[in-house]
Amino acid sequence: MTLRNLAARAVALIAVPVLLVALWWATTESSTDVFWPPLSTILGEFADTWFTGRLTSDVLPSLVRLLTGYVLAVALGVGLGVAIGSFRTLRGVLEPVLEFFRAIPPPVLVPVLMLFAGIGDGMKVLVIVSGCVWPVLLNTVEGVRGLDEVLRDTARCYRMRPATRLLRLVLPGASPQICAGARQALSIGIILMVISEMFAASNGVGFTIIQFQRTFAIPQMWTGIILLGLIGIVLSALFQLVEARALRWYTGLRKVQREG
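Written as structure tokens, this is what we have:
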């Protein structure tokens, strides 16, 4: 990729965000509405709000809950998805149950989980798991079901061991679908992290935003919303780096197919 292409790509990536920020700044600069303060006021409160103690007392606990729930959801979704996608009988038995539970919005489960898991971090992690597991699970099932039958037959002919078949055929073959589900789960996890912290919590980004709203600290509330957006951008960028490394073979194959 040439320097000119890199520059064009960089401009394309930042053009819309810069335009939106400029539009927000211009439309609110002379605002006197207490609920819609100027962006300059919000940005002026950002550092004092989040970098003077709340980084360790609120932001880090939220990220720990998010990453814990997300990792558990990915592990559970991939494990169950491989099993369900590999065995037709198991898929036929579990599919109606999975469709039922998938249709239940995870925020509705918060009061139920509070009864069984209390109001601590365990409940919040379970809320994140309950929402993040479905994209990973369903995409894994479809990825395993979509494996090339020729490759399956070849593995049987060579009498590959189940563990070898799983590591060398099933997981690599389904990895594009798994990554797609994991990418969706990440955005869902951020939403559920905030929702879970709005119920019976004592710290966290979601809890702090609600406290700002209840005390009419509106500029500080907006800083929390901006912080969540920045967290989403950073986590998405990190995920793309991991995904690009894990799927190098797939992107290379697609490139060869397009050029051919």
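Counting along the sequence shown from 1, when you hit position 158 you're at 158 in the working numbering, and nothing is skipped either side.
Just so you know, even glycine gets a beta-carbon here, dropped at the ideal spot from N, CA and C.
Predicted model only: the values in this text are computed from it and were never measured.
C-beta atoms of residue i and residue j nearer than 8 Å
i: I218; j: V21; result: no
i: M221; j: F212; result: yes
i: V133; j: L76; result: yes
i: G224; j: I209; result: yes
i: E29; j: P38; result: yes
i: A174; j: V144; result: yes
i: V81; j: L137; result: In the sequence under discussion, the amino acid at residue 81 is Gly, which differs from the Val named in the question. Cβ distance < 8 Å, so G81 and L137 count as in contact.
i: V74; j: A201; result: no
i: Y250; j: P176; result: yes
i: G85; j: T154; result: no
i: L63; j: I128; result: no
i: S187; j: G229; result: no
i: I226; j: I42; result: yes
i: W24; j: S40; result: no
i: A83; j: L90; result: yes
i: N203; j: S57; result: yes
i: R183; j: F239; result: yes
Residue i burial status per 10 Å Cβ neighbour count (16 or more: buried)
i: P105; result: exposed
i: Y70; result: buried
i: I178; result: buried
i: V59; result: buried
i: T49; result: buried
i: L55; result: exposed
i: P61; result: buried
i: S130; result: buried
i: V242; result: exposed
i: V97; result: exposed
i: I181; result: Residue identity differs from the one stated: residue 181 is Gly in this sequence, not Ile. Buried, by the Cβ-count rule.
i: V16; result: exposed
i: V150; result: exposed
i: V78; result: buried
Any non-hydrogen atom of the ligand FMN within 7 Å of residue i CB
i: E45; result: With respect to the ligand FMN, the structure offers nothing, as it holds no ligand at all.
- Mind pulling the alpha helix (DSSP H) runs of 4 or more residues that sit fully within the segment 17–93? 39–50 and 60–86
- Task: Tell me, please, whether the segment 122–129 touches the segment 192–202 by the rule of three or more beta-carbon pairs shorter than 8 Å.
- Result: yes
- Message: Extract the residue ranges of the alpha helix (DSSP H) inside the segment 206–257, only unbroken runs of 4 or more that lie entirely within it.
- Response: 218–246
- Message: I'd like to know if the segment 165–173 and the segment 103–119 are in contact, where contact means that at least 3 CB-CB pairs between them fall below 8 Å.
- Response: no
- Task: Could you tell me whether the segment 157–164 touches the segment 88–104, using the rule of 3 or more Cβ pairs below 8 Å?
- Result: no
- Sequence ranges, alpha helix (DSSP H) only - wholly within the segment 107–145, length at least 4: 110–117 and 121–145
- Message: Threshold first: 4 residues or longer. Then list the alpha helix (DSSP H) segments lying entirely within the segment 154–216, N to C.
- Response: 162–165, 171–196 and 205–214
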